[in-house]
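Peer 1:
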Amino acid sequence: MEYLNAAPVASIIFVFTLITSLYAFYDHSIYGKFMLHPYSVSKGHQVYTLITSGLIHADWMHLFFNMFTYYAFGFALESMLGSWQFGLLYFLALVLSDLPTVFKYKDSYNYHSLGASGAVSGILFSYILFNPLSKIYIMFIPIGIPAVVFGVLYLIYCVYASRNSRDHINHDAHFFGALTGLIFTIIFKPGILQHFFEALTGK
């Protein structure tokens, strides 16, 4: 109840994504209806999957990593950004992170994509603008990495993995979701860049 009062939009998105993802684990027909299919979307069909693809995940691990990251940063971000701004950011990051994938794979009939990673990346990078020196912990690394350093390394890795990886992860969605988070926050939170650089320099 505390989370619902403090961050109502983040709470609703969190619970709804958990419910739809868990339901899809037990009813696989949902995947066929909700997954992003760039080939179809590029031809004007199943455009709604730009949104619904973010409501389902491939497996428990995929769901855990996305929702753990969302939980770690999303609820705090809503209190800093504002509720309607948070909701709009999540929606835009979800859609805009998938559009490059649609263009890239518009002729690949067998390609599908799913998961909230693009939107979660948008949340994370918006948070980094507010707290660039907060520590982010990664599995198997015992020390926290400053958020701004993590952000730079994350973007570099996304670009590299998009060009070279064969792990079936949509790294383009991660990258463009992150960019959406940065651009959105700069536009909707005047003064955030000044705050960001002051936090880095200590002035």
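So that you can map any letter, position 166 of the sequence shown is 914 in this note's numbering, and since no number is skipped, the others follow by simple counting.
The beta carbon of each residue, even a glycine, is placed where N, CA and C say it ideally should be.
1) Reducing DSSP to helix, strand and coil, say where I876 ends up.
2) Could you name the residues of the same chain whose beta carbon sits closer than 6 Å to that of L798, not counting the 5 residues immediately before and after it, in chain order?
3) Name the residue from I935, V757, I889 and H916 whose alpha carbon lies nearest to the alpha carbon of Y819.
4) For V868, I'd like the list of residues in its chain whose CB is within less than 6 Å of its CB, leaving aside the five on either flank, ordered along the chain.
5) Using DSSP bridges, identify the partner residues of K883.
6) With DSSP as the reference, label L862 as helix, strand or coil.
7) Assign F823 to buried or exposed, taking buried as 16 or more other Cβ atoms, counted over all protein chains shown, within 10 Å of its Cβ.
8) Classify Y838: buried if its beta carbon has 16 or more other beta carbons within 10 angstroms, exposed otherwise.
9) Indicate whether A909 and G870 have their beta-carbon atoms separated by less than 9 Å.
10) Relative to the C-alpha of I733, which residue among L766, L829, F812 and D807 is closest?
11) Just to check my reading of the structure: L862 and H805 have Cβ atoms closer than 8 Å, yes? What is that Cβ distance to the nearest angstrom?
12) Along the chain, which unbroken stretches of the alpha helix (DSSP H) at least 4 residues long are found entirely within the region 777-843?
13) Between which two residues does the alpha helix (DSSP H) containing Y774 stretch?
14) Just to confirm my understanding: we take L930, look at its own chain, exclude 5 residues before and 5 after, and list those with CB closer than 6 Å. What are they?
15) When the Cα atoms are used, what is the spatial distance from M887 to V795?
16) Name the residue from V907, F878 and C906 whose alpha carbon lies nearest to the alpha carbon of P894.
17) Just to confirm, is the Cβ distance from G835 to I761 under 9 Å?
18) Using a 10 Å radius around the Cβ and a threshold of 16 neighbouring Cβ atoms, would you call L881 buried or exposed?
Peer 2: A quick look at the data gives this:
1) Position 128 of the sequence shown, counted from the start, is the residue given in the question as residue 876. If DSSP states are grouped into helix, strand and coil, I876 belongs with the helices.
2) Residue numbering aside, residue 798 sits at position 50 when the sequence shown is read from its first letter. Cβ neighbours of L798 beyond the five flanking positions: V843 and D846.
3) Here residue 819 refers to the residue found at position 71 of the sequence shown. Nearest C-alpha to Y819: V757.
4) Here residue 868 corresponds to residue number 120 of the sequence shown, with the count starting at 1. Result list for V868: N814, T817 and Y818, in chain order.
5) What you label residue 883 is simply residue 135 of the sequence shown in a count that begins at 1. Paired residues: P894.
6) If you number the sequence shown from 1, residue 862 lands on position 114. DSSP places L862 in coil when its eight states are reduced to three.
7) As a working mapping, residue 823 is identified with position 75 in the sequence shown. It counts as buried.
8) Looking up residue 838 in the sequence shown gives position 90. The residue is buried, with at least 16 neighbouring Cβ atoms inside 10 Å.
9) For the purposes of this step, residue 909 is taken as residue 161 along the sequence shown, with counting starting at 1. For the purposes of this step, residue 870 is taken as residue 122 along the sequence shown, with counting starting at 1. Cβ distance not < 9 Å, so A909 and G870 don't count as in contact.
10) Nothing about residue 733 can be read from this structure; the chain reaches only from 749 to 951.
11) Your numbering for residue 862 matches position 114 in the sequence shown. Your numbering for residue 805 matches position 57 in the sequence shown. Yes, L862 and H805 are in contact; Cβ-Cβ is about 7 Å, under 8 Å.
12) 777-782, 786-789, 797-800 and 808-829
13) Within the sequence shown, the letter at position 26 stands for residue 774. Its alpha helix (DSSP H) spans residues P756 to Y774.
14) Here residue 930 refers to the residue found at position 182 of the sequence shown. Once the five neighbours on either side are set aside, the close Cβ partners of L930 are F873.
15) Along the sequence shown, one-based indexing puts residue 887 at 139. Along the sequence shown, one-based indexing puts residue 795 at 47. Distance from the CA of M887 to the CA of V795, rounded to the nearest whole angstrom, comes to 36 Å.
16) The sequence position of residue 894 within the sequence shown is 146, counting from 1. Selected option, being the one with the closest Cα: F878.
17) By 1-based counting over the sequence shown, the position of residue 835 is 87. By 1-based counting over the sequence shown, the position of residue 761 is 13. Contact flag set, yes.
18) By one-based count along the sequence shown, residue 881 stands at place 133. Exposed is the call here.
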